[in-house]
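Presented below is the structure to which this report refers.
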Ligand SMILES: Cc1cc2nc3c(=O)[nH]c(=O)nc-3n(C[C@H](O)[C@H](O)[C@H](O)COP(=O)(O)OP(=O)(O)OC[C@H]3O[C@@H](n4cnc5c(N)ncnc54)[C@H](O)[C@@H]3O)c2cc1C
């Protein structure tokens, strides 16, 4: 699967922490904020979960000197949720103890993990305020989950959702997903605690800006959040308009599942990858002959 690396490189800040931190510093210098994700998901042994936690602890140590807040994104499956709820909870608590003025946020994964992720997030946030969650607009249950995070004041990222889910639990058409995204985004913007509006969808962004202006929502009470390497044009425009723009920056060696999700989101990405495969097979690359 190394053949996919030229494509993956656009979406990840490096395979190691030092390279990623250089890129992250440069984003902060440009005025962006970042949420940093150590790539890796679904571990099946306690040692693997501890290894994932150790990388996060090393990252937290390295960002100690950052004067601006960093959002740290973690997947509960990488911290041992598929082994046991309690193991994952212990690993998360160890991270929260080290997080200081930064924030830990659980990415949202496939629906087999939704209930457990939200349960852990709501439970821990009662005593650890710098813990945040993610909700997916394609899930029918999100209406209720938004109510819970608003009532408890949990900082929440709202995205469309990146996994294949059945009709029984998830909206399937883009119109329905967009409609629910806007409904939940408006609620979070009005009543939520530092929500992040995570999308590159220009239709949604336009409607959200209209809402923010109409309702006079203060620019420092929410974030726009976009993926590293995706729609840099929109990232810059939002920053220039004076909004807080946070970029989701993943790094690490386990880049394949994340890359495959980005690949599936856009047919142009598949064409890019196919072109590279053909170039390599036919020896058309600059360095193919060496
Ligand atoms: C900051 C952030 C965090 C996220 N966290 C999660 C999470 O925790 N759990 C989860 O399930 N999902 C997560 N997602 C992914 C999200 O659910 C969607 O799958 C993804 O954002 C694509 O949806 P969209 O709203 O950007 O709209 P789309 O309609 O898919 O895209 C709008 C436009 O953005 C551009 N674009 C979108 N994706 C790509 C791509 N891969 N390559 C190139 N251009 C692209 C294209 O120009 C496209 O027309 C996250 C997304 C963001 C932005």
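In the numbering used here, the protein residues as written are 39 to 328.
Cβ coordinates follow ideal geometry from the N, Cα and C atoms, glycine included.
In angstroms with no decimal places, state the Cα-to-Cα distance between residue i and residue j.
{"i": "residue 241", "j": "residue 266", "result": "20 Å"}
{"i": "residue 175", "j": "residue 57", "result": "33 Å"}
{"i": "residue 190", "j": "residue 171", "result": "12 Å"}
{"i": "residue 104", "j": "residue 137", "result": "12 Å"}
{"i": "residue 299", "j": "residue 79", "result": "13 Å"}
{"i": "residue 70", "j": "residue 195", "result": "17 Å"}
{"i": "residue 66", "j": "residue 168", "result": "20 Å"}
{"i": "residue 152", "j": "residue 115", "result": "11 Å"}
{"i": "residue 219", "j": "residue 188", "result": "16 Å"}
{"i": "residue 77", "j": "residue 313", "result": "26 Å"}
{"i": "residue 157", "j": "residue 315", "result": "43 Å"}
{"i": "residue 325", "j": "residue 39", "result": "Summary for residue 325: the model assigns pLDDT 44, below 50, so the residue's position carries little reliability; its value from the coordinates is reported in the next sentence. Spanning the two alpha carbons is a distance of roughly 19 Å."}
{"i": "residue 328", "j": "residue 293", "result": "Note that residue 328 scores 40 on pLDDT, short of 50, meaning its location in the model is unreliable; the coordinates nonetheless yield the value given after this. Their backbone Cα atoms lie some 27 Å apart in a straight line."}
{"i": "residue 250", "j": "residue 225", "result": "12 Å"}
{"i": "residue 305", "j": "residue 131", "result": "40 Å"}
{"i": "residue 155", "j": "residue 129", "result": "14 Å"}
{"i": "residue 295", "j": "residue 302", "result": "11 Å"}
{"i": "residue 140", "j": "residue 204", "result": "35 Å"}
{"i": "residue 106", "j": "residue 73", "result": "12 Å"}
{"i": "residue 91", "j": "residue 291", "result": "15 Å"}
Residue i lies in the alpha helix (DSSP H); which residues open and close that run?
{"i": "residue 101", "result": "Where residue 101 is concerned, there is no enclosing alpha helix (DSSP H), given that its DSSP letter is neither H nor E."}
{"i": "residue 40", "result": "Premise fails: residue 40 is in no alpha helix (DSSP H) and is neither H nor E."}
{"i": "residue 186", "result": "180-190"}
{"i": "residue 155", "result": "152-163"}
With a threshold of 8 Å on Cβ separation, who are the neighbours of residue i within its own chain once the five nearest residues in sequence on each side are excluded?
{"i": "residue 310", "result": "45"}
{"i": "residue 282", "result": "71, 257, 258, 260, 261 and 262"}
{"i": "residue 52", "result": "58, 60, 61 and 289"}
{"i": "residue 207", "result": "149, 177, 178 and 179"}
{"i": "residue 134", "result": "142, 162, 166, 168 and 169"}
Which residues in the same chain have their Cβ closer than 6 Å to the Cβ of residue i, if we skip the five residues on either side of it in sequence?
{"i": "residue 143", "result": "109, 111 and 170"}
{"i": "residue 199", "result": "174 and 176"}
{"i": "residue 54", "result": "none"}
{"i": "residue 101", "result": "108"}
{"i": "residue 215", "result": "175, 176, 198 and 209"}
Which residue marks the beginning of the beta strand (DSSP E) containing residue i, and which one marks its end?
{"i": "residue 262", "result": "261-265"}
{"i": "residue 287", "result": "283-289"}
{"i": "residue 76", "result": "71-76"}
{"i": "residue 48", "result": "No beta strand (DSSP E) holds residue 48; DSSP gives it neither H nor E."}
{"i": "residue 110", "result": "109-112"}
{"i": "residue 141", "result": "141-144"}
Identify the residues that DSSP records as bridge partners of residue i: which are they?
{"i": "residue 174", "result": "197"}
{"i": "residue 234", "result": "195 and 261"}
{"i": "residue 33", "result": "Outside the shown range of the chain, which is 39 to 328, sits residue 33, and nothing can be said about it."}
{"i": "residue 227", "result": "According to DSSP, which records beta bridges pairwise, residue 227 is partnered with nothing at all."}
Going by beta carbon distance, what residues of the same chain come within less than 7 Å of residue i, once the five residues before and after it are set aside?
{"i": "residue 163", "result": "169, 190 and 192"}
{"i": "residue 84", "result": "118, 121 and 125"}
{"i": "residue 245", "result": "220"}
{"i": "residue 186", "result": "160"}
{"i": "residue 148", "result": "201"}
Using a beta-carbon distance below 8 Å, is residue i in contact with chain C?
{"i": "residue 206", "result": "Here chain C cannot be found, since the structure has a single protein chain."}
message: Under 8 Å: do the stretch 92-100 and the stretch 169-183 share three or more Cβ pairs, one atom per stretch?
response: no
- prompt: Three or more beta-carbon pairs under 8 Å between the stretch 252-266 and the stretch 218-233, yes or no?
  reply: yes
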